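Trainee: Have a look at this one before I ask anything.
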Amino acid sequence: MRLLVVGSGGREHALCWAIAASPLCDALYCAPGNAGIAEVATCLPVDLDDLDAIVGLARAERIDFVVVGPEAPLVAGLVDRLEAAGIKTFGPSKAAAALEGSKAFMKDFCARHAIPTASYARFTDAAAARAHVRATGAPIVVKTDGLAAGKGVTVATTVEEAIAAIDAAMVDGAFGAAGSELVIEEFMAGEEASFFVLCDGRNIVPFGGAQDHKAVGDGDTGPNTGGMGAYSPAPIFDAAAERRVMDEIVRPTIAGMAAEGRPFKGVLFVGLMMTATGPRLVEFNVRFGDPECQVLMRRLMSDLVPALLASADGVLDGFDLRWYDETALAVVMATRGYPGKYPKDTPIAGLDRAAAIEDVIVFHAATHRDGDRILSNGGRVLAVTAMGATVAEAQRLAYAGVDAIDWPGGFCRRDIGWRAVAREG
1 MRLLVVGSGG
11 REHALCWAIA
21 ASPLCDALYC
31 APGNAGIAEV
41 ATCLPVDLDD
51 LDAIVGLARA
61 ERIDFVVVGP
71 EAPLVAGLVD
81 RLEAAGIKTF
91 GPSKAAAALE
101 GSKAFMKDFC
111 ARHAIPTASY
121 ARFTDAAAAR
131 AHVRATGAPI
141 VVKTDGLAAG
151 KGVTVATTVE
161 EAIAAIDAAM
171 VDGAFGAAGS
181 ELVIEEFMAG
191 EEASFFVLCD
201 GRNIVPFGGA
211 QDHKAVGDGD
221 TGPNTGGMGA
231 YSPAPIFDAA
241 AERRVMDEIV
251 RPTIAGMAAE
261 GRPFKGVLFV
271 GLMMTATGPR
281 LVEFNVRFGD
291 PECQVLMRRL
301 MSDLVPALLA
311 SADGVLDGFD
321 LRWYDETALA
331 VVMATRGYPG
341 KYPKDTPIAG
351 LDRAAAIEDV
361 IVFHAATHRD
371 GDRILSNGGR
381 VLAVTAMGAT
391 VAEAQRLAYA
401 GVDAIDWPGG
411 FCRRDIGWRA
421 VAREG
């Protein structure tokens with residue numbers, strides 16, 4: 001088969017790495033890709049917002065199967081456009097992608113189908129939102145309704161912080177149209193975990209759990225990011241938790257989406273808060289996480305391509321996946337200044353030294369090549385990913401990889417996996 005992966009981040013590098021290993025893959029393309037992806041796939045320049053260009057590219061390259069990585073083209077309806085052109089595609093339709101594209105839709109859907117999540121209110125007026133926060137108190141969570149690249153959520157510990165988040169979104173327009181409506185939720189105490197399932201509209205196959213680190217600083221301090229590291233499996237998300245999430249959240253969601261005429265195909269990312277009373281839904285994403293995808297692909301023993309095809313073809317029933325028992329852990333290296341303003345085109349050296357460490361792979365999230373040099377091209381730039389018999393061993397190897405890289409313009413958290421390492425100790 002001739003396959004195309006759409007996207008340019010660490011998630012797409014991990015997907016390309018796994019797909020390239022499949023005996024079903026004759027030719028692999030990625031649009032637009034990055035410097036790391038170029039080592040396993042042919043990169044084709046395209047604007048991810050230009051759906052017509054992506055469809056045209058798939059036609060021109062005689063692509064048999066497209067895997068869409070990022071949320072924005074999914075929410076914009078890329079899968080619908082590709083399938084209308086007769087090109088088989090992995091990912092949800094525009095109607096199904098509303099589970100991530102609109103927090104308001106997601107929360108209303110959960111209310112209709114009795115899915116356990118935080119209580120909430122929706123606002124299109126800043127004054128009303130401020131009044132709600134003052135009446136409710138803190139801690140409280142302020143979320144943009146639309147996509148904001150992982151940065152539209154503020155977990156406010158004070159009323160003043162929540163009001164500042166409201167004003168940033170609704171008055172200052174910090175998130176553009178995504179912040180014109182806000183969802184304000186109760187604060188849920190506990191540890192966050194991520195769970196993934198493949199869906200074909202009716203059938204569901206579990207695709208593993210992980211734990212992400214959203215805060216930019218060690219000890220989970222500082223502003224939220226798109227993710228500074230992850231590990232899988234997550235000890236807190238055990239078999240009993242998985243059964244409960246499947247019964248209380250995933251199955252009602254897939255059945256509810258089908259009943260509402262929005263059958264969900266693709267991968268459903270279930271963001272969870274593991275509370276004292278059990279798992280509750282934080283949010284849905286309609287694609288693999290980043291950096292969760294990197295650790296899941298490292299642990300996956302099975303060929304990825306047949307699983308993605310079964311999802312697209314509606315034949316996941318009875319599909320079985322095999323996994324390595326070891327822990328995979330990814331440390332994200334980001335440009336200094338992220339998640340605020342940061343420079344681009346800072347040089348990165350030592351990538352070959354890191355990759356030479358046994359059981360270490362460096363997935364590129366935002367890089368480009370300038371002659372013999374690799375340069376940064378975004379906020380989160382690399383995901384140094386390792387496998388180990390324990391979380392502590394995977395952590396040690398991943399940081400050995402980090403320390404082999406010479407990038408003065410970059411930084412990382414030094415405590416990825418700290419909760420799980422403490423449990424092992």
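At position 193 of the sequence shown (counting the first as 1) the number is 193 in the UniProt record's numbering, and the numbers step up by one without a gap.
Note that beta-carbon positions come from the ideal geometry of N, C-alpha and C, so glycine has one too.
Keep in mind the model is a prediction, meaning the values are calculated, not measured.
Would you mind giving the Cβ-Cβ distance between Leu296 and Gly208, rounded to the nearest angstrom? I have them listed as a contact below 8 Å.
Mentor: The pair is a contact, with the Cβ atoms about 5 Å apart (cut-off 8 Å).
Trainee: Using CA coordinates, which residue listed in Glu61, Val391 and Asp125 is at the minimum distance from Pro233?
Mentor: Comparing Cα-Cα distances from Pro233 to each of Glu61, Val391 and Asp125, the minimum goes to Val391.
Trainee: Considering only C-alpha positions, which residue in the set Pro45, Ala386, Lys265 and Arg322 is nearest to Gly7?
Mentor: Checked all of Pro45, Ala386, Lys265 and Arg322; the closest Cα to Gly7 is Pro45.
Trainee: Whole angstroms is fine: what's the gap from Glu248's alpha carbon to Leu382's?
Mentor: The straight-line gap from Cα to Cα measures roughly 35 Å.
Trainee: Assign Ala302 to one of three DSSP states: helix, strand, or coil.
Mentor: Residue identity check: residue 302 is Ser in the sequence provided, not Ala. Three-state DSSP puts Ser302 in coil, outside helix and strand.
Trainee: Ala334: which of Trp323, Asn377, Ala354 and Ala394 sits nearest, CA to CA?
Mentor: Minimum Cα distance to Ala334 is reached at Asn377.
Trainee: Go through its chain and collect everything with a Cβ distance to Gly222's Cβ below 6 Å, but skip five positions before and after it.
Mentor: Counting only Cβ-Cβ distances below 6 Å, and skipping sequence neighbours, we find Ala215 and Val216.
Trainee: Can you tell me which of the three DSSP states Lys107 falls into?
Mentor: DSSP places Lys107 in helix when its eight states are reduced to three.
Trainee: Terminal residues of the continuous beta strand (DSSP E) containing Pro223?
Mentor: Thr221 to Asn224 is the span of the beta strand (DSSP E), which, as asked, contains Pro223.
Trainee: My output table needs one value for Cys16: the three-state DSSP class, helix, strand or coil.
Mentor: Of the three classes helix, strand and coil, the one that applies to Cys16 here is helix, per DSSP.
Trainee: Go through the stretch 224 to 275 residue by residue and report every complete run of the beta strand (DSSP E) that reaches 3 residues or more, in order.
Mentor: If we require 3 residues or more, the beta strand (DSSP E) runs fully inside the stretch 224 to 275 come out as 229 to 232 and 265 to 275.
Trainee: Report the option in Leu198, Ile374 and Gln395 whose CA atom is closest to the CA atom of Asp359.
Mentor: The residue with the shortest Cα to Cα distance from Asp359 is Gln395.
Trainee: What distance in whole Å lies between the Cβ atoms of Ala18 and Leu272, which are believed to be in contact at a cut-off of 8 Å?
Mentor: Contact doesn't hold; Cβ gap of about 24 Å is too wide.
Trainee: Taking the continuous beta strand (DSSP E) assigned at Asp80, which residues delimit it?
Mentor: Element bounds for Asp80: not the beta strand (DSSP E) but the alpha helix (DSSP H), Leu78 to Ala84.
Trainee: Would you list, in sequence order, the uninterrupted beta strand (DSSP E) runs of no fewer than 3 residues that lie entirely inside the stretch 133 to 209?
Mentor: 140 to 144, 153 to 156, 182 to 186 and 191 to 200, all fully within the stretch 133 to 209.
Trainee: With C-beta atoms as the reference, is His113 less than 9 Å away from Thr275?
Mentor: Taking 9 Å as the Cβ cut-off, His113 and Thr275 do not qualify as a contacting pair.
Trainee: So the candidates are Pro73, Leu308, Ala41 and Met228; which of them puts its Cα closest to the Cα of Val55?
Mentor: Ranking the options by Cα distance to Val55, first place goes to Pro73.
Trainee: Between which residues of its own chain and Met106 is the CB-CB distance below 8 Å, once the five residues before and five after are set aside?
Mentor: Excluding positions up to five away in sequence, the list reads Ala98, Leu99, Glu100, Glu283 and Phe284.
Trainee: Going by the beta-carbon positions, is the gap between Val67 and Leu15 smaller than 9 Å?
Mentor: Result yes, Cβ atoms of Val67 and Leu15 sit closer than 9 Å.
Trainee: In the DSSP output, what is Ile348 paired with across the bridge?
Mentor: Looking at the DSSP assignment, Ile348 forms a beta bridge with Ile374.
Trainee: Just how far apart, CA to CA, sit Pro206 and Leu329?
Mentor: Cα to Cα, the separation comes out at about 20 Å.
Trainee: List the whole-angstrom C-beta distance separating Met228 from Arg413, where the pair is believed to meet the contact cut-off of C-beta under 8 Å.
Mentor: Between Arg413 and Met228 the Cβ distance is about 5 Å, and since that is below 8 Å, they are a contact.
Trainee: Going by DSSP, name the residue or residues bridged to Arg380.
Mentor: Ala334.
Trainee: Any chance you could list the alpha helix (DSSP H) runs of at least 4 consecutive residues sitting entirely within the stretch 32 to 82, in chain order?
Mentor: Fully enclosed alpha helix (DSSP H) runs of 4 or longer: 51 to 60 and 71 to 76.
Trainee: Using CA atoms only, rank isn't needed, just tell me which of Glu326, Ala21, Arg298 and Glu192 is closest to Phe269.
Mentor: Considering only alpha carbons, the answer is Glu192.
Trainee: Checking the sheet assignment: what are the DSSP bridge partners for Leu28?
Mentor: Looking at the DSSP assignment, Leu28 forms a beta bridge with Leu3.
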